[in-house]
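Structure first, then comments.
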Amino acid sequence: MSKLNFVKINFVDKGTFYLKFFIFIFLTIFLIFLITFLQFVSKRASQKIVQIFHKLLLWLININVEVVGKSNLNNVPKLYVSNHLSYLDIPVLGSILNGRFIAKNEISNWPIFGYLSKVGNTIFINRNLRFLKRNKSIIYDFISKGDSIILFPEGTTSDGIRVLKFKSSLLTSLEQKNILIQPIVINYTSINGMPLNRWLKPIIAWYGDMDLKPHLINVLKLFSIKAKITFLPPLNGKDFTNRKDMTYTLHHAIDNFY
Numbered sequence: 522m523s524k525l526n527f528v529k530i531n532f533v534d535k536g537t538f539y540l541k542f543f544i545f546i547f548l549t550i551f552l553i554f555l556i557t558f559l560q561f562v563s564k565r566a567s568q569k570i571v572q573i574f575h576k577l578l579l580w581l582i583n584i585n586v587e588v589v590g591k592s593n594l595n596n597v598p599k600l601y602v603s604n605h606l607s608y609l610d611i612p613v614l615g616s617i618l619n620g621r622f623i624a625k626n627e628i629s630n631w632p633i634f635g636y637l638s639k640v641g642n643t644i645f646i647n648r649n650l651r652f653l654k655r656n657k658s659i660i661y662d663f664i665s666k667g668d669s670i671i672l673f674p675e676g677t678t679s680d681g682i683r684v685l686k687f688k689s690s691l692l693t694s695l696e697q698k699n700i701l702i703q704p705i706v707i708n709y710t711s712i713n714g715m716p717l718n719r720w721l722k723p724i725i726a727w728y729g730d731m732d733l734k735p736h737l738i739n740v741l742k743l744f745s746i747k748a749k750i751t752f753l754p755p756l757n758g759k760d761f762t763n764r765k766d767m768t769y770t771l772h773h774a775i776d777n778f779y
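For the sequence shown, the working numbering gives the first residue as 522, with consecutive numbering after it.
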C-alpha cells in the first residue's frame with residue numbers, strides 16, 4: 522500500500538464529514554448575505570467579516586497556522602507576494618492579512634468560490650490585450666489609495682514541490698516607487714499528524730488538471746492540517762530600476778527559503 526493510500530484511509534467518519542460540509546454551506550450562505558449587506562454600509566466592516574470568514578474556514582477544516590517573521594510586518598499599505606499551491610492559501614493568508622487578493626478574471630465565474638471572491642473584494646485581472654495598459658498600473662493605483670494587495674505571481678498553483686517562475690507584468694508600475702513589497706512563503710507541513718513529504722503533497726496542492734470537487738471533499742475529510750507562513754524581510758520598489766530585477770529578487774528569496 523502506498524503512503525498516499527495509507528493517508529487516505531485516515532479520513533474522518535461520514536457523520537463528521539457531513540457535519541463539516543453542512544456547516545461550510547451554512548457559513549458560506551450566511552456570510553455571503555452579511556458581507557453583501559455590509560458592503561453598502563461599511564467597507565471596513567465588510568473586510569473584517571471576510572477575515573472572520575477565513576478564520577472560521579480554518580477552524581472548520583482544522584488548519585493550524587504557524588506564523589514566522591511577524592516582526593517584518595507593519596500597517597503600511599503594501600504588496601504581499603507569495604508562492605501558491607492550493608485554494609487553501611486564500612483562507613490561510615486571508616485569516617492573517619488585511620488585504621485584497623488579485624485573481625484572474627475567470628475565477629469570478631466559478632460557482633461559490635467566484636461569488637465569495639467578489640464579495641471578498643478580490644481584484645480581478647482581465648488578461649485580454651485590451652486591458653494590458655490598465656493591468657500594468659493596477660497594483661500601484663490600489664496601494665496609493667490605501668489598500669494592501671496580495672499577489673500570487675506564479676499565476677497558477679504549483680505541485681507544492683517547487684516554486685514556479687514568477688510573472689513580472691503586474692509589477693511594472695512599482696519599480697523606483699516607494700512601495701513596500703513583502704515576500705511570503707507558504708508551506709503545508711503535516712496532515713493528520715504526519716509530515717507532508719513530496720509523495721503526499723497532492724493531498725493539499727491543487728494544480729494542473731485536478732478536479733476541484735473530489736480534491737476539496739478529501740481535504741474536508743482530513744483530521745488536521747498544519748500550515749506555516751513565513752514573512753521574509755520586506756523589499757522596497759525604489760531600490761529597483763526595472764521589474765525583471767524585482768521579480769528575480771522576490772522569486773529568489775521565496776524559492777531559496779521554500
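No residue lacks a Cβ here, since even glycine has one placed at the ideal position from N, Cα and C.
Where does residue i land, buried or exposed, given buried means 16+ other C-beta within 10 angstroms?
i: residue 714; result: exposed
i: residue 539; result: exposed
i: residue 683; result: exposed
i: residue 719; result: exposed
i: residue 588; result: exposed
i: residue 615; result: buried
Can you tell me where the alpha helix (DSSP H) holding residue i begins and where it ends?
i: residue 612; result: 610-615
i: residue 634; result: 634-640
Could you give the DSSP three-state label for residue i: helix, strand or coil?
i: residue 600; result: strand
i: residue 745; result: coil
i: residue 715; result: strand
i: residue 739; result: helix
i: residue 677; result: coil
i: residue 762; result: coil
i: residue 587; result: strand
i: residue 723; result: helix
i: residue 708; result: strand
i: residue 618; result: coil
i: residue 756; result: strand
Cα-Cα, which of the options is closest to residue i?
i: residue 672; options: 576, 554, 741, 610; result: 610
i: residue 642; options: 627, 623, 741; result: 623
i: residue 662; options: 695, 680, 690, 636; result: 695
i: residue 568; options: 669, 702, 688; result: 669
i: residue 706; options: 550, 590, 554, 625; result: 590
i: residue 577; options: 544, 692, 679; result: 544
i: residue 584; options: 746, 759, 722, 554; result: 746
i: residue 766; options: 690, 621, 574; result: 690
i: residue 736; options: 667, 725, 729; result: 725
i: residue 674; options: 664, 665, 660; result: 660
i: residue 754; options: 572, 593, 699, 597; result: 593
i: residue 586; options: 712, 640, 601, 681; result: 712
i: residue 704; options: 679, 612, 757; result: 757
I'd like the span of the beta strand (DSSP E) that includes residue i, first residue to last.
i: residue 645; result: 644-646
i: residue 687; result: That residue, residue 687, is in no beta strand (DSSP E); it is neither H nor E in DSSP.
i: residue 625; result: 621-625
i: residue 811; result: The structure shown does not extend to residue 811, since the chain is modelled only from 522 through 779, so no value can be given for it.
For my contact list, residue i and residue j are in at a C-beta cut-off of 8 Å; report their separation, rounded to the angstrom.
i: residue 629; j: residue 635; result: 5 Å
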